[in-house]
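*Asks:* For what it's worth, the working numbering labels the leading residue of the sequence shown as 5, then goes sequentially. The beta carbon of each residue, even a glycine, is placed where N, CA and C say it ideally should be.
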Amino acid sequence: MEVENHIFFAAVEERLREGGPVTIVLRGTSMQPTLADGDRVTLAPLEADPQVGDVVLFRYAGLHLLHRVIAIEGDRYIIQGDNCYSTEQVYRTDIVARLVAAHDRDGRAFTVGDPHWERLSRRSLRRKRMRNTAIRFLGQKGRKQLRPWYFAALAVLMWAPLNGLGVPLDNYIFGLRLDHLLHASVFLPMPLFLMDLAPRRRWCLLWLLSCLIGLVTEGGQWLLPYRGFDINDMVANLIGVSLGWLATEVFLRHIRKK
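#1: Any idea if residue 248 is buried or exposed, counting beta-carbon neighbours within 10 angstroms, 16 or more meaning buried?
#2: Helix, strand or coil for residue 247 per DSSP?
#3: Considering only residues of the same chain and omitting the five flanking positions on each side of residue 243, which have a CB-CB separation below 7 angstroms?
#4: For residue 187, write down the residues that DSSP places opposite it in a beta bridge.
#5: Taking only the alpha-carbon atoms, compute the straight-line gap between residue 148 and residue 157 and give it to the nearest angstrom.
#6: In the structure shown, what three-state DSSP assignment does residue 149 receive?
#7: Check residue 230 in the structure and name its three-state DSSP category.
#8: Per DSSP, which one or two residues make a beta bridge with residue 49?
#9: Look at the alpha carbon of residue 15 and the alpha carbon of residue 50, and state the distance between them as a whole number of angstroms.
#10: I'd like to confirm the pairing. Which residues does DSSP put opposite residue 75 in its beta bridges?
#11: For residue 217, I'd like the list of residues in its chain whose CB is within less than 7 angstroms of its CB, leaving aside the five on either flank, ordered along the chain.
#12: Compute the beta-carbon to beta-carbon distance between residue 59 and residue 30, rounded to the nearest angstrom, for a pair I have assumed lies under 8 angstroms.
#13: Can you name, in chain order, every residue of its own chain whose Cβ lies under 7 angstroms from the Cβ of residue 54, other than the five neighbours on each side?
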């Protein structure tokens, strides 16, 4: 017989208030790969304030969640599942218990504090810092802040008189000319910075708009006496745009699944 979530966790909290540990079966994938759906986890009452890296049971938006503390800001705890992009902000009074042990479905036991668990925790925190930094720059706010700098740098690279710098761009890397690789790399993030301008579910317009800018920037060099037009550079621009568009599509779909 299934028990409603709030009734189940009311009993869990009652047991914790009595001072005893509680073992429950984890449901969901928000803590993968550290913890998987179906793992048994043992929770203990809090004897001290949670620290960064602790996995805690807490109340949030009418639910009980089991996620990891990733930061402490004053009296607020920033908590995030190992497999989540979003974070939760709660207070100390919202945190119910700390995870002290886990048993996976293969019967292996892990105790918080042992070397294996510490390795898992450090790996998770490193992965979170890298992923959260990427999200900070690639999210809507980060894109809005970086967009003018990106297009300013693009204008300089495409139209400024850089030919006199003496940089050898006709060298080859892996059989590809360095200047073609440079063009493709410069236009790779173009769809990301333009995605806020395209209507939802009409991403073909995003690709077309990015390609149009790639054509205009290279075609404009034909009008500049100190720059030279090269059809191969234009093709490299379009390749960079297309790869960036595909990467943006994959990135957004991956985020939506979280």
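*Replies:* On the basis of the coordinates in this document:
#1: As a position in the sequence shown, residue 248 is number 244, starting the count at 1. With 16 or more neighbouring CB atoms inside 10 Å of its own CB, residue 248 falls in the buried class.
#2: By 1-based counting over the sequence shown, the position of residue 247 is 243. In the structure shown, residue 247 falls within a helical segment according to DSSP collapsed to helix, strand and coil.
#3: Against the sequence shown, residue 243 aligns to sequence position 239. Taken in chain order, the residues that qualify are 188.
#4: Taking the sequence shown and counting its residues from 1, the one referred to as residue 187 is at position 183. Partner(s): none; residue 187 has no beta bridge.
#5: Start at 1 with the first residue of the sequence shown, and residue 148 comes out as number 144. Start at 1 with the first residue of the sequence shown, and residue 157 comes out as number 153. Going by the C-alpha atoms only, they are around 15 angstroms apart.
#6: Indexing the sequence shown from 1 puts residue 149 at position 145. Residue state for residue 149 is assigned as helix, using DSSP reduced to three classes.
#7: Reading the sequence shown from its first residue, position 226 is the one you call residue 230. Residue state for residue 230 is assigned as coil, using DSSP reduced to three classes.
#8: Residue numbering aside, residue 49 sits at position 45 when the sequence shown is read from its first letter. Within the DSSP bridge table, the entry for residue 49 names 101 as partners.
#9: Here residue 15 corresponds to residue number 11 of the sequence shown, with the count starting at 1. Here residue 50 corresponds to residue number 46 of the sequence shown, with the count starting at 1. If you draw a straight line from the Cα of residue 15 to the Cα of residue 50, it comes to about 17 angstroms.
#10: As a first step, residue 75 is located in the sequence shown; it is residue number 71 there, counting from the start. Paired residues: 82.
#11: Counted from its first residue, the sequence shown places residue 217 at position 213. Answer for residue 217: 194, listed in chain order.
#12: As a working note, residue 59 is residue 55 in the sequence shown. As a working note, residue 30 is residue 26 in the sequence shown. Not really, about 10 angstroms apart at Cβ, beyond 8 angstroms.
#13: For this step, residue 54 is matched to residue 50 along the sequence shown. Cβ within range, chain order: 60, 73, 81, 99 and 102.
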